[in-house]
Each structure stands twice: as C-alpha cells, then as structure tokens.
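Numbering of the sequence shown is given in this note's numbering, commencing with residue 2 and proceeding in unit increments. Glycine included, every Cβ here is placed at the ideal spot set by N, Cα and C. Have a look at the structure below before the remarks.
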Amino acid sequence: MPKPATLPTLPPSLDPATVCPPCGKCCRYVAVGIDGPVSVSGVSTALWLVYHRNVTVYQSHDGDWFVLFPADCDNLLPNGLCGVYENRPFLCREYDVDGCEGTSAEPPEKVRFDDGAALGAWLREKRPALFARCLAAGILPKELTGAGPVKARRRRPPARS
Ligand code: SF4
Ligand code: SF4
2 MPKPATLPTL PPSLDPATVC PPCGKCCRYV AVGIDGPVSV SGVSTALWLV YHRNVTVYQS
62 HDGDWFVLFP ADCDNLLPNG LCGVYENRPF LCREYDVDGC EGTSAEPPEK VRFDDGAALG
122 AWLREKRPAL FARCLAAGIL PKELTGAGPV KARRRRPPAR S
C-alpha cells in the first residue's frame, strides 16, 4: 500500500506571519477549476457563470481556467492570519506564496471576465472562429455580438391547458 503523501507544514515554532505577509487576500474567495471558454459548450457554461452577479471566470498564468466566487473564509482573523492554521485544509497548505496576489505586483490572472460583455468582447477579438461557432449555435445575445444593445423581450406566458 503506497504511503500517504506528506504535506508541507510549518514547524510549530515558526510564526506564519514571518513567511507570509498576512494580507488575507487568498482567504476571501473560492476558485474551482472549469474547462473554460475553449469550445461552444465551454463558452455556454462560462457565460452562464458570469451572467450571475459577482461570479468571475478567469485564466491563470499557467493557462488553467477557474470560476471564482468572492467569499470570506470564516476562519480568517481580523489581523489577516488563519484561525485554524495548524489544522487548515490541504488546499490552504498547498497554496504557493510565491507569486500570490499578496506578494506579486502582477495581476493574479491572465484573462478575466466579470460579465458576459467582457467574455463576448474577448471572443470577438481573440477567438474569432469560436465566436462565429457560438453565434451559429445561438448562444450569444445581441448585446455580446458587438451589434449594439437590444430591448429585453418579455418571456412567453405559459400555455394554458
Ligand atoms: S495572498 Fe499571499 S501574502 Fe496574502 S495571505 Fe495569501 S499567501 Fe499570504
Ligand atoms: S482555513 Fe485559514 S488559510 Fe484556509 S482559507 Fe480559511 S483562513 Fe485562509
């Protein structure tokens, strides 16, 4: 039976504040990996995500895609330190301080979409072939095609039986 992986942990004598400026920025959101807007189906899913207020889709500098939900961790202390440091989840232990949003001047993401307009504009400019396929699939509202705003249409009332 393989031995379980050893996780990196700080010696108990080491104050976390000395290895990580406790800005707490990495404890104020949840980011989950997704396929990203690299296919018609991926664009459709990414659009659905960013149509929701405060939900962001971004690509990391490594090229991976994520959906991000802003949300403070319950264990984040007012001084920016972790209230459960010795027992924190594996994801927190594996987080790399090098180049994190608290220590790097670079934006943490390569590409970022906070709403459908940003995703539509990126597709139009950077992925014209995929943009055309999405247009043909009927998943791009006119507001996202560069054709100008259109009035919202009323939903069709339910059929009577
Ligand atoms: S963003 Fe970086 S510097 Fe700030 S708390 Fe997280 S790991 Fe530390
Ligand atoms: S458990 Fe601690 S390190 Fe992990 S997100 Fe919460 S406050 Fe941050």
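Query: CB of Leu69 within 8 Å of CB of Gly117, strictly; Result: no
Query: Cross-strand partners of Thr57 (DSSP beta bridge); Result: Leu69
Query: Inter-residue spacing [alpha-carbon to alpha-carbon] between Arg125 and Pro109; Result: 23 Å
Query: Residues surrounding ligand 3 [beta-carbon distance to nearest heavy atom under 7 Å]; Result: No copy of ligand 3 occurs in the structure displayed; its ligands are ligand 1 and ligand 2 alone.
Query: Of the listed residues Arg94, Leu131, Pro38 and Glu144, nearest to Phe67 (C-alpha basis); Result: Pro38
Query: The stretch 23-36 contacting the stretch 51-67, beta-carbon criterion three pairs below 8 Å; Result: yes
Query: Contact belief for Gly103 with Cys27 at Cβ below 8 Å, rounded distance in angstroms; Result: 7 Å
Query: Alpha-carbon to alpha-carbon, Phe114 and Asp136; Result: Correcting the residue type first, residue 136 is Leu in the shown sequence and not Asp. C-alpha separation (whole angstroms): 19 Å.
Query: Coil, strand or helix - Ala133 by DSSP; Result: helix
Query: Cα-Cα separation between Val98 and Val51, rounded to whole angstroms; Result: 28 Å
Query: For Gly43, three-class secondary structure by DSSP; Result: helix
Query: Phe132, buried or exposed, once every other Cβ within 10 Å from all chains shown has been counted against 16; Result: buried
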